[in-house]
Amino acid sequence: YNFAYLDEQTKRMIRRAILKGIAIPGYQVPFASREMPMPYGWGTGGVQVTASIIGPDDVLKVIDQGADDTTNAVSIRAFFRKVANVAVTTETAKATIIQTRHRIPEHPLTSGQVLVYQVPIPEPLRFLEPRETETRKMHALEEYGLMHVKLYEDIARHGRIATTYAYPVRVEGRYVMDPSPTPKFDNPKMHRSPALQLFGAGREKRIYALPPFTDVVSLDFEDHPFEVQTFDQPCA
Numbered sequence: 124y125n126f127a128y129l130d131e132q133t134k135r136m137i138r139r140a141i142l143k144g145i146a147i148p149g150y151q152v153p154f155a156s157r158e159m160p161m162p163y164g165w166g167t168g169g170v171q172v173t174a175s176i177i178g179p180d181d182v183l184k185v186i187d188q189g190a191d192d193t194t195n196a197v198s199i200r201a202f203f204r205k206v207a208n209v210a211v212t213t214e215t216a217k218a219t220i221i222q223t224r225h226r227i228p229e230h231p232l233t234s235g236q237v238l239v240y241q242v243p244i245p246e247p248l249r250f251l252e253p254r255e256t257e258t259r260k261m262h263a264l265e266e267y268g269l270m271h272v273k274l275y276e277d278i279a280r281h282g283r284i285a286t287t288y289a290y291p292v293r294v295e296g297r298y299v300m301d302p303s304p305t306p307k308f309d310n311p312k313m314h315r316s317p318a319l320q321l322f323g324a325g326r327e328k329r330i331y332a333l334p335p336f337t338d339v340v341s342l343d344f345e346d347h348p349f350e351v352q353t354f355d356q357p358c359a
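This is the structure in structure tokens:
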């Protein structure tokens with residue numbers, strides 16, 4: 124196999140998609156997703172993005188639900204150690220590339236770091252409008268009223284916006300984006316982060332990106348502003 128498993132032509136194709144995503148923050152760029160030595164749904168999109176940008180001098184950190192020792196994180200870390208022979212770490216500050224599933228590290232990210240998200244469903248409108256042809260039109264025309272109706276229905280039923288993960292965000296005042304299934308309280312970490320954030324959805328064949336210091340605002344209403352949930356008691 125080639126360095127980092129993927130052939131160089133595939134890496135160039137994915138890098139072009141990444142560059143387009145960086146140029147148009149929040150826009151879902153189609154790409155020809157390759158089969159990887161792991162099943163779809165286990166991070167194939169994130170792995171392809173990481174494989175396309177990683178170099179011999181990079182230091183890789185992989186987390187799943189915020190932990191370094193879960194099955195998914197251990198498997199992907201071992202995969203890259205084998206196919207790229209790169210250094211790995213469990214410390215956020217020492218990593219140049221961080222691949223994550225469902226969490227953003229608690230330690231503040233810095234300029235020069237890259238955060239790669241594993242994304243199962245990149246389309247934020249999927250459960251409101253299942254037709255891909257229609258959601259693409261809605262993004263093109265900036266018609267996001269359906270999303271606001273969904274948030275309003277939450278308020279009507281629960282007295283608050285009840286969405287606790289994959290909470291939709293507006294990127295640079297333009298595209299509505301799914302931040303991957305990160306918990307709601309991680310959303311503020313995306314706003315004007317100094318790190319480059321890349322999102323890869325292998326099964327759905329989509330890549331999107333947030334350049335450093337991008338405005339990322341969680342959707343809300345004037346009388347019901349976005350707020351991070353708090354809990355009176357621990358879960359156990």
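The opening position of the sequence shown corresponds to residue 124 in the numbering used here, with each subsequent residue numbered one higher.
Using N, Cα and C, we set each Cβ at its ideal position, and we do this for glycine too.
Given the structure is predicted, the values throughout are model-derived calculations rather than measurements.
Check	Outcome
State the CB to CB distance for the pair residue 331 and residue 128, rounded to an integer number of angstroms; the pair is presumed to be in contact (CB under 8 Å).	Going by Cβ atoms, the distance from residue 331 to residue 128 rounds to 22 Å, so no, they are not a contact pair.
Assuming residue 232 and residue 203 make a contact with CB atoms under 8 Å, what is their CB distance in whole Å?	With 8 Å as the limit, residue 232 and residue 203 do not qualify as a contact, their Cβ atoms being about 20 Å apart.
As an exercise, report each continuous beta strand (DSSP E) stretch of at least 3 residues that is fully enclosed by the segment 303 to 331, in chain order.	319 to 324
For residue 267, which residues from the same chain have a beta carbon less than 6 Å from its beta carbon, with the 5 sequence-adjacent residues on both sides left out?	299
What residue range does the alpha helix (DSSP H) around residue 204 cover?	194 to 207
Roughly how many angstroms lie between the CA atoms of residue 191 and residue 349, to the nearest whole one?	30 Å
Could you give the first and the last residue of the continuous alpha helix (DSSP H) run that contains residue 159?	Looking at the DSSP string, residue 159 is not in any alpha helix (DSSP H), and its letter there is neither H nor E.
How would you call residue 124, buried or exposed, if buried means at least 16 neighbouring beta carbons within 10 angstroms?	exposed
Is the CB-CB distance between residue 347 and residue 278 below 8 Å?	yes
Is it right to say residue 218 is buried, meaning 16 or more other beta carbons lie within 10 angstroms of its own, or is it exposed?	buried
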